[in-house]
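Only one structure is covered here, and it is reproduced in the block below.
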């Protein structure tokens with residue numbers, strides 16, 4: 001089955017190259033054909049990260065279907081290369097609908113496939129817009145494995161007015177000396193985790209405060225940009241459900257860069273999401289905390305871009321805290337979306353429009369929140385086409401393996417649990433326009 005899967009991947013890559021070549025000479029529906037080309041290119045980016053040694057055999061059938069859809073897209077693009085006798089406007093409109101349907105079909109099959117198992121830490125973006133990934137501050141788990149970095153120079157286009165590094169991004173943030181961090185970490189001896197963007201150490205400051213100290217890995221001028229990027233965003237954020245930036249360090253002699261953040265001792269949501277055993281009020285508190293943190297970020301005009309269980313940690317009071325702003329973007333003015341021509345985020349949590357349209361907005365973050373919400377209460381990831389029936393009894397809930405223990409839930413909580421289910425399904429609607437804002441999500445959860 002793995003052989004079938006990878007032969008399908010090879011076919012998709014070859015067909016994608018033909019689509020790219022064909023789009024250059026289309027005579028109608030140029031815009032829609034360009035969208036198809038970008039969509040298929042993003043599919044190829046994702047599929048090229050698959051590891052042949054760990055491929056899930058169940059993916060074979062999905063990849064075969066995906067290859068058929070990509071091949072159908074090529075056929076439609078080729079039709080657009082030919083002159084048509086039928087009236088131009090009618091023909092263009094009909095073809096636009098066909099191209100739109102096949103594009104959505106490609107995205108649906110990609111999202112429905114079991115790719116999250118193999119590309120669960122996927123991220124790709126232009127180095128100029130990139131940031132440093134943050135590794136969980138809690139106990140070292142597989143959350144800390146390296147993330148994939150696949151840059152495509154010149155491919156990222158940001159059309160919104162985006163706030164980048166300000167004139168003095170370090171103003172108002174404490175600057176630590178290298179010797180202070182060396183002492184705090186006992187010679188950098190306590191490693192919490194390692195990832196593609198850096199190493200995180202446990203440290204204790206002079207006042208006894210536990211901290212997480214992230215050392216950014218060096219790659220040309222990329223770490224300095226990463227540091228400026230995270231400082232620029234982190235300096236303005238003050239919310240109990242968003243990680244607090246405490247300071248930074250520039251060790252210019254060794255070309256080392258560090259971020260100092262509050263320490264999260266209870267690990268990540270990814271680590272505990274399948275452990276269950278929580279009572280429902282605790283589980284609901286986690287859902288509300290994540291929603292409050294994301295709503296706060298959106299009020300600050302921050303597109304988070306990579307919401308997933310591994311990026312949600314817990315402090316000593318088990319309050320969820322959102323970390324890692326390496327992919328985040330701050331919008332200025334009235335713009336509410338950006339165009340990003342590479343896939344940014346983690347498979348299983350990225351919104352479909354990131355694949356079909358390369359459009360990223362706050363509603364893309366809402367989609368990721370919806371996936372996490374349903375994963376918390378059901379123990380499984382969902383796609384926009386997932387069928388999660390209404391729970392009419394505790395017996396139905398016990399059939400799932402969510403974060404909370406059904407034995408600790410009474411019938412009176414069924415309404416609240418079903419309300420969360422409904423909110424989650426609203427958040428993962430295919431069309432971003434049909435999803436609520438995070439302000440509306442909070443209102444629904446608290447009603």
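In full-length UniProt numbering, the protein residues as written are 1 to 447.
No residue lacks a Cβ here, since even glycine has one placed at the ideal position from N, Cα and C.
The continuous stretches of beta strand (DSSP E) do not include residue 67, which lies in the alpha helix (DSSP H) extending over residues 59–79. Residue 296: member of the alpha helix (DSSP H) spanning 280–299, first to last residue. Taking residue 33 as the centre and dropping the five residues before and after it, the same chain places the C-beta of 23, 26, 77 and 80 closer than 6 Å to its C-beta, in chain order.
For the set 60, 42 and 41, the Cα lying nearest the Cα of residue 8 is the one of 60.
Taken in chain order, the complete beta strand (DSSP E) segments of 3 or more residues contained in the stretch 309–351 are 312–314, 320–322, 329–331 and 337–339. Taking a 10 Å sphere around the C-beta of residue 95, we find 16 or more other C-beta atoms and assign the residue as buried. By the Cβ rule, the stretch 280–288 does not count as touching the stretch 225–240, because fewer than three pairs are nearer than 8 Å.
Look at residue 361 here: in three-state DSSP terms it is strand. Three or more beta-carbon pairs separated by less than 8 Å are not found between the stretch 292–299 and the stretch 422–430, which leaves the two stretches without contact.
For the pair residue 377 and residue 361, the CB atoms are not nearer than the 9 Å cut-off.
Residue burial is scored here from C-beta neighbours: residue 439 has fewer than 16 other C-beta atoms within 10 angstroms and is therefore classed as exposed. For residue 444, the enclosing alpha helix (DSSP H) stretches over residues 438–446. Per DSSP, residue 379 is not a residue of any alpha helix (DSSP H), being assigned neither H nor E.
If you draw a straight line from the Cα of residue 316 to the Cα of residue 351, it comes to about 31 Å. According to the DSSP secondary-structure assignment, residue 210 is paired through a beta bridge with 204. When the Cα atoms are used, residue 101 and residue 250 turn out to be separated by approximately 51 Å. It is roughly 14 Å from the alpha-carbon of residue 309 to the alpha-carbon of residue 318. A direct Cα-Cα distance of roughly 58 Å separates residue 70 from residue 208. Residue range 245–251 is occupied by the beta strand (DSSP E) that includes residue 247.
The shortest CA-to-CA distance from residue 243 to any of 215, 211, 365 and 303 is the one to 211. When secondary structure is reduced to three states using DSSP, residue 354 falls in the helix class. The beta carbon of residue 68 sits closer than 6 Å to none of the beta carbons in its chain outside the five residues before and after it. Residue range 414–427 is occupied by the alpha helix (DSSP H) that includes residue 415, with no beta strand (DSSP E) assigned at that position. By the criterion of a C-beta distance shorter than 7 Å, residue 325 is surrounded in its chain by 131, 230, 233 and 234, once the five residues flanking it on both sides are discounted.
Look at residue 240 here: in three-state DSSP terms it is coil, with no helix or strand label. Note on residue 215: 16 or more other CB atoms within 10 angstroms of its CB, so buried under the neighbour-count rule. If you draw a straight line from the Cα of residue 367 to the Cα of residue 187, it comes to about 42 Å.
Around the C-beta of residue 342, 16 or more other C-beta atoms lie within 10 Å, and the residue is accordingly described as buried. Ranked by how close their Cα comes to the Cα of residue 15, the residues 75, 35 and 46 have 75 in first place. In the DSSP annotation of this structure, the continuous segment of the alpha helix (DSSP H) that includes residue 180 starts and ends at 178–184.
Using a 10 angstroms sphere on the CB of residue 311, the tally of other CB atoms reaches 16 or more, which defines it as buried.
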